[in-house]
Amino acid sequence: KESGVLLDYQKNRIKSETLQILKHKISKKVEGLIHSNPTIDEYLRLVMDKSLDPYSMANLIIKLLGIE
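Below is the structure:
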């Protein structure tokens, strides 16, 4: 029974760490896409000028990147 608990713990830990790594790598990739695209940079400035909340800004970027 103990080995089953340890195995479950190990699987959950691996899954959690894998998700953290994926989040980090995807975040870096999205940052790179944003910084390499002058249109998105321009839209970001427009969004900030209109004082939209970060959630709205993120949704706009997601739509612009076509990853919704």
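For the sequence shown, the numbering used here assigns the number 661 to the last residue and increments by one with no breaks.
Built from N, CA and C at the ideal position, the CB exists for glycine as well.
| query | result |
| --- | --- |
| CA-to-CA distance, R606 to M641, given in whole angstroms | 39 Å |
| Per-residue DSSP class, three states only, for G625 | helix |
| Cβ-Cβ distance between I633 and L657 below 8 Å | yes |
| Ranges of the alpha helix (DSSP H) found wholly within the stretch 625-659, counting only runs of at least 4 | 631-642 and 647-658 |
| Assumed close pair I627, I654 - CB separation to whole angstroms, cut-off 8 Å | 6 Å |
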